[in-house]
Every structure is written in C-alpha cells, then in structure tokens.
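Student: Per the UniProt record's numbering, the sequence shown starts with residue 1, numbered consecutively. Have a look at this one.
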Amino acid sequence: MKKLFLLGILSLFLCVLVGNVALGEEEKISIAYIGASTDLPFWITLRNEARNQANELGVEFIDLTPPSMDAQAQKNSFDNAIQMGVSGIIVGAADSRAFDDSLDKASEVGIPVVAVDTGIDHPHIASLVQTDNLSSAKIAGQYILDHMTRPGKVLIIGGVLGHQTGDARKNGVTEVLEAAGVEVIFRAADWLPEKAYEVAQNELAANPDLTAVFAAWDPGAMSAKSVVAERGLTGKIIIVGFDGDPANLKAIKEGEILATIKQDNVKMGRDSISLLVDIINGKEVPKYIPIDGFIIDQSNVDEFLQ
1 MKKLFLLGIL SLFLCVLVGN VALGEEEKIS IAYIGASTDL PFWITLRNEA RNQANELGVE
61 FIDLTPPSMD AQAQKNSFDN AIQMGVSGII VGAADSRAFD DSLDKASEVG IPVVAVDTGI
121 DHPHIASLVQ TDNLSSAKIA GQYILDHMTR PGKVLIIGGV LGHQTGDARK NGVTEVLEAA
181 GVEVIFRAAD WLPEKAYEVA QNELAANPDL TAVFAAWDPG AMSAKSVVAE RGLTGKIIIV
241 GFDGDPANLK AIKEGEILAT IKQDNVKMGR DSISLLVDII NGKEVPKYIP IDGFIIDQSN
301 VDEFLQ
C-alpha cells in the first residue's frame with residue numbers, strides 16, 4: 001500500500017511537472033521584430049502596435065530594429081535573432097533583396113518569418129502583411145490627374161530602386177498618368193528625406209513646367225513641400241505623399257500638401273504578430289494579407305489629426 005501510495009504521489013508529481021513544462025514552452029514564444037527604422041513615424045506606430053498585440057497575446061517582443069534605413073544592419077539583426085533561437089521573426093525590409101542566405105538559415109532551423117509592409121521573394125516567407133501598394137498608388141495617380149489645374153510634368157520621388165514597395169507605388173502612379181498622356185519623371189531617393197530634397201530642388205530647377213510631385217513616402221513629400229515653399233510655389237504645385245504621417249496631415253490641414261495615401265500601420269503591426277503566433281502554433285494562414293490604402297486630403301484630414 002505504501003509503495004502504491006508513493007507511486008501515486010510520484011505520478012501526480014510527474015503530471016504536474018509535464019504540465020508545467022508544456023505551459024512553460026507555450027509561454028516562451030518569442031518574436032524578433034526588425035522594422036525598417038526607429039526614426040520614421042510610420043514605422044514607430046507599426047512597431048508600437050506590434051508590441052501591444054504581442055503583450056496582449058502574452059508573447060515576448062524583441063525589437064531589433066536599426067536606428068535608420070540600413071539593409072546590412074537589418075540583416076545583422078536577422079542573423080542575431082536566429083542565434084538567439086527566437087520562435088519567429090517579423091521583418092519590414094529596407095531592401096527586399098538583402099535576406100536570401102539569412103532566410104535560408106531561418107528555414108534550416110525552423111524559425112518562421114513574416115514580412116510586413118514590403119514583400120520578400122523567398123519561399124521561407126510564411127506570409128506578407130502590407131498595403132496593396134499598386135492599387136493604392138493608382139488611387140494617388142488618379143487623384144493627381146483629377147486635381148491638375150494645368151498641363152505639365154509630374155515628378156515621382158521614389159525609394160530604393162528594386163524595392164518591392166517603392167516600385168509598386170511608382171508603377172501605380174505612372175500607369176495612371178501615362179495612360180492619360182502625362183509625362184512622368186522618376187527619381188530614386190533611397191527613402192532619404194535629404195536626398196528627396198535634393199531631387200526636388202534639381203528637378204524643379206530643370207523643369208519649370210512641373211505641375212505635381214508624388215513622393216512614395218511622406219517624409220519625401222515633406223522635403224518636396226520645403227522646396228516648393230522656398231520657390232514661392234505653395235498651392236501651385238500639387239504634392240501627394242504616401243503613409244499618413246502626422247506631420248503630413250498637419251501640412252494638408254495648412255494647405256501645404258494636397259493629400260497622402262493613408263496606410264493602416266496599426267492593423268499591419270497587429271496582424272503581423274497574430275499571424276506569426278498562429279504559424280508558430282501550427283495553424284494555416286494566408287500567404288498574403290492586403291490592406292487597402294485611401295486618400296486623406298482637406299475633406300477628411302480632421303478625422304485623423306490628433
């Protein structure tokens with residue numbers, strides 16, 4: 001009887017121990033988040049919402065985002081996340097071409113990866129959460145076309161050449177405008193506001209018939225706004241951005257920028273965490289989660305100003 005009693009106690013202890021181990025394993029889900037930058041408003045909001053969602057789900061959130069747009073620094077962070085043995089990785093690529101061998105390593109050790117905002121052409125990417133950039137850029141192109149008050153050229157200030165997100169935004173606007181017979185000038189600015197400023201200066205000087213500027217990200221639109229203001233052309237040259245950053249919304253309110261395409265970076269941040277947790281838990285998820293963008297201009301900007 002005593003032996004049976006001891007065996008029973010031992011069995012109960014083992015059951016509790018196994019249960020605690022299983023619970024501990026479940027609680028140990030850790031997600032490395034590697035955004036494009038810590039100093040851009042769009043990415044700050046996306047990161048904060050991803051962290052909030054992780055906290056709500058009881059998931060450890062490890063922010064390995066470089067301070068500025070630096071593809072090599074992102075790759076280093078990605079490789080560090082693999083060495084840390086995290087449960088999964090979210091990456092918002094500054095350059096979608098920078099991760100091939102790192103993704104190969106993640107695949108070898110079984111760490112799932114979700115891309116946010118920018119697509120990465122690699123079979124190990126489990127899902128992509130992003131704005132439908134092409135269709136949203138077409139909305140921007142049509143908006144520019146509808147609000148042009150005089151014939152002329154349109155300058156597109158883009159990101160990095162070959163970057164999936166930037167290319168889609170350039171292509172969407174270009175397709176609409178060229179179909180209407182508008183000449184488009186494209187210049188890459190590598191997602192750098194200072195380079196966007198230089199591009200706007202050079203192109204406005206070289207093309208006095210410019211009638212509009214589209215910037216593929218809002219800080220680029222703010223740079224164009226500064227150049228247009230310096231030349232005394234505020235209100236005469238249309239400026240349209242892409243993101244919905246607070247500074248741009250204020251500029252829209254003041255009539256310095258005409259419009260921006262709003263990206264739902266709150267949803268992007270939260271959905272990327274939820275998707276990755278589902279993947280880690282063995283659930284099937286869609287390969288692509290497109291999120292619609294929409295125009296913010298003076299007609300609705302008050303709804304979004306804080």
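A virtual CB, placed ideally from N, CA and C, is assigned to each residue, including glycine. Note that the coordinates shown come from a computational prediction; the quantities given were computed from them, not determined experimentally.
At what residues does the beta strand (DSSP E) containing E60 begin and finish?
Tutor: Here the beta strand (DSSP E) through E60 covers 60-63.
Student: When every heavy atom of the ligand MG is checked, does at least one fall within less than 7 angstroms of the C-beta of V129?
Tutor: In terms of ligand content, the structure shown is empty, and the ligand MG therefore cannot be addressed.
Student: Looking at the unbroken alpha helix (DSSP H) that takes in K28, where does it start and where does it end?
Tutor: Run containing K28: none; DSSP gives neither H nor E here.
Student: DSSP beta-bridge partners for P112?
Tutor: Answer is none; P112 lacks a bridge partner.
Student: Alpha helix (DSSP H) containing Q72: first to last residue?
Tutor: Segment 71-84, the alpha helix (DSSP H) holding Q72.
Student: Consult DSSP for G158 and reduce its assignment to one of helix, strand or coil.
Tutor: In this structure, G158 counts as strand in the three-state DSSP scheme.
Student: Give me, in chain order, the residues of the same chain whose beta-carbon lies closer than 8 angstroms to that of N248; leave out the 5 immediate sequence neighbours on both sides.
Tutor: Once the five neighbours on either side are set aside, the close Cβ partners of N248 are D218, A221, M222, G241, I257, T260.
Student: Spell out the partners DSSP gives Y197 in its beta bridges.
Tutor: Looking at the DSSP assignment, Y197 forms no beta bridge with any residue, so it has no partner.
Student: A212 to G172, Cα distance in whole Å?
Tutor: So the two alpha carbons sit approximately 15 angstroms from each other.
Student: Can you tell which of A168, Q263, I273 has its C-alpha closest to the C-alpha of P41?
Tutor: Taking only the C-alpha atoms, the option nearest P41 is Q263.
Student: If you compare alpha carbons, which of G269, S136, K138 is closest to E56?
Tutor: Among G269, S136, K138, the Cα nearest to that of E56 is on G269.
Student: Can you give me the Cβ contacts of N207 inside the same chain, cut-off strictly under 6 angstroms, excluding the 5 residues immediately before and after it?
Tutor: For N207, where only same-chain residues beyond five positions count, the Cβ hits under 6 angstroms are K153.
Student: What are the start and end residues of the beta strand (DSSP E) that includes R187?
Tutor: R187 -> beta strand (DSSP E) spans 184-188.
Student: Note down the Cα distance separating L46 from A168, rounded to an integer number of angstroms.
Tutor: Roughly 20 angstroms between the two C-alpha positions.
Student: Name the residue from V277, D146, N48, K267 whose alpha carbon lies nearest to the alpha carbon of D292.
Tutor: Checked all of V277, D146, N48, K267; the closest Cα to D292 is K267.
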